[in-house]
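Protein chains in written order, with the working numbering: chain A, 3 to 582; chain B, 248 to 756.
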């Protein structure tokens, strides 16, 4: 007799010696998690882990079912090997995450699927010690293991393909699969914001500081609670640096040089209300879903109550709160509680807060900033050399950009905001434009000339124009004839009177003047009023409610220069230029 | 049956080595003897998977030992002699370092609270009097953050229980509440009631407050009279719009047979006067104990007292005094002083690491160059066995320095131009302007120096970035263009920060 374990098969293959192997994802029972079995765990509850293993097919005993809670309640007749899985358990951080709805749906459908082969391949084998009484009956299942598996062995990564099958994709067409990416396409892909870069250049100093902070806090035997506040303008790599530090630390944990710890990552924007953070923290630490009031009570017990802590050894917890400023409530009690815990003995809590505002601690109540400590880290905007390095490090090995083009883009962005996201977007857009041009030129596909062209200054210039040129100019250029006259009349009025604000009455007089002297037909007050309201809706002009009619006050929302720039050389109405 | 087990364990035994350590641990479980399932049994796999708490710590110890031996081999060995000689501090030793850090950590409760004896005695006397006469009473302690209020309360609480035991009084019930952790302000009454009648279920018909009032207004059985000490930290979180909760709480102590000793703790000095006018008219205003901000001498004394726990000196006396003077002048916040001291230790640590690195580098480079080594050795030896004044000065400047000039200098060029144009606008004595006006002035500057200006949408988003950095203040308005803009930093700061750039110098003239 032995212990049994459960795993989900992900892929199956045949070794050269003829044995079948599969790659599986472990499921564990609540006792195996860091939190242990909790009172709320059901008897047949399992956690899906992110731990994979390659195992020989021979060791599979039989099939069992893992269901979402919803189906578990409905299931009656499926036999004994039914388990319930609601959460995924991260074995590195020891945190819990509820399986997404779509994931649940997928798992549920497995059972409904008639395809026997599929069913076997996907679902899990073996079971846990607890249920030993029925393993005898199912022994016969064992020899049948490899044969159905063989039928689907070629189809590795079944999980993925299954998901696609659901939405109707049967097969990836051959020409797509064989398609070799051109340099430009690879450049586009690597410049996407979602692509995780292999290294983070230009932030080594900050990352070292974060590493030193965390290590200093958790490496000692007695883990003293601390707090770090990271601030900087958007797009300067704050979150990314912290996450990359945490990745490095995790590998050190795996190597055994650091004690294991929990890591909870929360974005303030994703919380329905600031108080919900208690719920999220508690759920991540224990896998137990409770209301926020109860969660606050339990967290207080865990972090602040000395008597309870002495009993069990808790591991250090690192709490990363992105967009910290969103947790500021009216009486700021949420922030107070979170920042008060690290000052308690034995809390073993380390808080890292990230926000844009530099002076957030000073804006908070003094009692909170006193608890926050003095550990600050500033991420300044990137200068152009740094942006250049970031882009080139992403494009390493891909020969798609001219050097000057990259420099131009980074200089332009560094002069305005120093936001790396924007620099990447400009380069990506430039690559897109170049790609588009090439494809259009070689419309009868001439594959030989493809991929040679580099992204040059022209494309970058075009991308910058697109990104920085204000949208209002486009709107003005493409608006109707009458709206153009309306706008020019406003500018004319502004020049004449020097007052930013005018009334509809005065304006309509000017419009009629302009129209009659240039041979246009004056459209009448009603139409003019409608035009004004439309421009107001576009926020090209600011206007009061249309009900005021004659006395409606109007004001340009943009500088008159913008109007002049947009309408100076209008082809439809060339006479507009003389009034600008 | 056994054959199945064999198959299983064989299968898992052949798990590839590449699959990580976890399956191997599983194998070791599955290879274990057969035993009926028991909770103890289940504990072990968990431990082995997550790493039992002991193993890594041992590894760390080993690691630090290894470090120490490395130090031994390195030319720093003179330092390592001080391992035995405890009178000297060796920051290279991780144990000594962490001991120093722990002594300076906020959460470490010192054995005696110095410099607050006066306040503690007053509170203690009050509590004693209340218990002796079996009389209810209220006290309010106020003071700035980081002046030892909660710490003193904790001490008083402990001392009171001891005293009651010695003096032969019935020890009072203790209830400490931090009002921020209440989900609802009136929850405080149910907590008090719970303490009073731990077993009884509260009836839903009467509210906890009503219930408490009933208890306190009736004469109770003489035996059941037990005083209750309630310490409510951060009392101002109980202030609601109509102030009833705070009021009701204090009114509980005025009832004829009340047994509450209520101690409220908060920052506001005049909370009782402002929010409890009725108590004043009833002539049972709470006694007020004020915790003043620590003076430099007090901070110094507390730091010294905390460091006395260590068998070796860590700081130069002058360094500590510098810290105490600086913090005492700024806020008198003890937490700040402690965190400055801690950051000093980190600076020293970083310096040490650097010197070891450079040392090992140089020893690698010139392994045969025997003469440079002793020189370096003596240098480092001399350098780091105490935290010096200059270390402290670095840490203090890191904490108290205003980063405005650095921030302005590292801004992107266009944002600097915006600041510049704002300065120009406000030259004429104007106090604020709108984003639209600012844009006009910005475009003028851009045109004069032939820089293509950015659009107004971009400009207003940059104004937001500047206000995030604390350089501008943006007012609220429905339209971006009409938002009020004020400069939050001094004009001279901007001029100073930008004086190095000729372009701006001409602009600001």
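Positions of the beta carbon are idealized from the N, C-alpha and C atoms, including for glycine. These numbers come from a predicted model, not from an experiment.
- Flagged as an interface residue toward chain B: residue 338 of chain A, by a C-beta distance shorter than 8 angstroms.
- 214, 218, 221, 222, 223, 224, 226 and 227: these are the residues of the stretch 212-230 of chain A whose beta carbon lies less than 8 angstroms from some beta carbon of chain B, given in chain order.
- Looking at the DSSP output, residue 27 of chain A bridges to A:10 and A:54.
- CA-CA distance, residue 497 of chain A to residue 357 of chain A, rounds to 44 angstroms.
- Taking a Cβ-Cβ cut-off of 9 angstroms, the neighbours of residue 559 of chain A in chain B comprise 683, 703, 726, 727 and 728, given in sequence order.
- Per the DSSP secondary-structure output, residue 562 of chain B pairs in a beta bridge with B:634.
- For residue 709 of chain B, a Cβ of chain A is located within less than 8 angstroms of the residue's own Cβ.
- Comparing alpha carbon positions, the residue from B:582, B:667, B:401 and B:594 closest to residue 368 of chain A is B:582.
- The contact set of residue 576 of chain A on chain B, defined by CB atoms closer than 7 angstroms, is empty, because the minimum CB distance reaches about 25 angstroms.
- Residue 15 of chain A is bridged by DSSP to A:23.
- Chain order gives the chain A residues near residue 484 of chain B as 333 and 335, where near means a beta carbon separation below 7 angstroms.
- At a cut-off of 8 angstroms between beta carbons, residue 241 of chain A makes no contact with chain B.
- Uninterrupted beta strand (DSSP E) stretches at least 3 residues long and entirely within the stretch 306-360 of chain A occur at 319-324 and 351-357, given in chain order.
- Closest in C-alpha terms to residue 435 of chain B, from the list B:560, B:736 and B:454, comes B:454.
- Across the stretch 408-441 of chain A, CB contacts with chain B closer than 7 angstroms involve 416, 417, 418, 419 and 420, in sequence order along the chain.
- Excluding its 5 nearest sequence neighbours in each direction, residue 77 of chain A has C-beta neighbours in its own chain below 7 angstroms: 69 and 84, listed in chain order.
- Under DSSP, no beta-bridge partner is assigned to residue 462 of chain A.
- For residue 500 of chain B, there are no neighbours in chain A by C-beta distance under 8 angstroms, as the nearest C-beta there is about 25 angstroms away.
- When DSSP states are grouped into helix, strand and coil, residue 302 of chain A belongs to the helix group.
- 580, 582, 583, 586, 587, 590 and 593: these are the residues of the stretch 569-594 of chain B whose beta carbon lies less than 7 angstroms from some beta carbon of chain A, given in chain order.
- As DSSP reads the structure, residue 69 of chain A sits in a beta bridge with A:86.
- Scanning A:386, A:429 and A:524 for the CA closest to the CA of residue 510 of chain A turns up A:524.
- When DSSP states are grouped into helix, strand and coil, residue 557 of chain A belongs to the strand group.
- Within the stretch 343-356 of chain B, those residues whose Cβ lies closer than 9 angstroms to any Cβ of chain A are, in chain order, 344, 345, 348, 349, 352, 353, 354, 355 and 356.
- Chain order gives the chain B residues near residue 360 of chain A as 650, 654, 715, 716 and 717, where near means a beta carbon separation below 8 angstroms.
- Approximately 14 angstroms separates the beta-carbon atoms of residue 48 of chain A and residue 26 of chain A; this is outside 8 angstroms, ruling out the contact.
- Identification of chain A residues near residue 646 of chain B by a Cβ-Cβ cut-off of 7 angstroms yields 376, ordered along the chain.
- Following the DSSP letters along the chain, one finds residue 503 of chain A in no alpha helix (DSSP H) but inside the beta strand (DSSP E) bounded by residues 503-505.
- Per the Cβ contact rule, the stretch 266-278 of chain A is in contact with the stretch 329-342 of chain A (3 or more Cβ pairs under 8 angstroms).
- The alpha-carbon separation between residue 366 of chain B and residue 407 of chain B amounts to approximately 14 angstroms.
- When CB distances to chain A are screened at a threshold of 9 angstroms, the residues of the stretch 655-674 of chain B falling below it are 657, 658, 659, 660, 661 and 662, in chain order.
- At a cut-off of 8 angstroms between beta-carbon atoms, residue 514 of chain A makes no contact with chain B.
- According to the DSSP assignment, residue 683 of chain B belongs to the alpha helix (DSSP H) that extends over 682-695.
- Nearest C-alpha to residue 379 of chain A among A:363, A:393, A:279 and A:492: A:363.
- Around the beta carbon of residue 544 of chain B, fewer than 16 other beta carbons lie within 10 angstroms, which makes this residue exposed.
- Residue-level contact check: residue 391 of chain B touches chain A, since one or more beta carbons of chain A fall below 8 angstroms from its beta carbon.
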